[in-house]
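These notes concern the structure reproduced below.
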Amino acid sequence: MRKIVLVAAFMGALASCTATEKGTAIGAGTGAIIGGAVSNSWGGAAVGAVAGGVAGALIGRSTERRGYCVYRDRYGRTYEARC
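Just so we're aligned: the sequence shown equals residues -21 to -1, 1 to 62 in mature numbering (1 follows the signal peptide of the UniProt record, and there is no 0).
Okay, structure coming up:
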């Protein structure tokens, strides 16, 4: 019962966030679980949370601006333009 209440509260908190914020939260949570399970330590969970949060933020940001893609010029700078 406690797990159901926690999941419902977590989903309710994410309902009002932007796609980037949702991606960050979901990525960080998933990364922490996987990092903790693989390394069996708090340090692994922390590293997993950071890596998952960064990846989730990037994925969330890419879905926020539909119709735009991120490109790189020949100097390595990134810019957004219509796909």
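We treat Cβ as the ideally placed atom computed from N, Cα and C, and that holds for glycine.
Alpha-carbon spacing of residue i relative to residue j, whole angstroms
{"i": "G39", "j": "T(-2)", "result": "4 angstroms"}
{"i": "S20", "j": "A11", "result": "10 angstroms"}
{"i": "G23", "j": "T3", "result": "18 angstroms"}
Expected contact under 8 angstroms - CB spacing of residue i and residue j to nearest Å
{"i": "G35", "j": "A7", "result": "6 angstroms"}
{"i": "T57", "j": "Y50", "result": "7 angstroms"}
Top-ranked residue by Cα proximity to residue i, from the options
{"i": "A28", "options": "S18, T9, G46", "result": "T9"}
{"i": "A60", "options": "Y54, L37, G46", "result": "G46"}
{"i": "I13", "options": "G32, K1, G55", "result": "G32"}
First through last residue of the beta strand (DSSP E) which encompasses residue i
{"i": "T57", "result": "57 to 61"}
{"i": "W51", "result": "The amino acid at residue 51 is misidentified as Trp; the sequence shows Arg. Element bounds for R51: 47 to 51."}
Delimiting residues of the alpha helix (DSSP H) encompassing residue i
{"i": "T(-4)", "result": "Element bounds for T(-4): n/a, residue is neither H nor E."}
Neighbourhood of residue i by C-beta, 7 angstroms cutoff - its chain only, sequence neighbours within 5 removed
{"i": "C62", "result": "G46, Y47, C48"}
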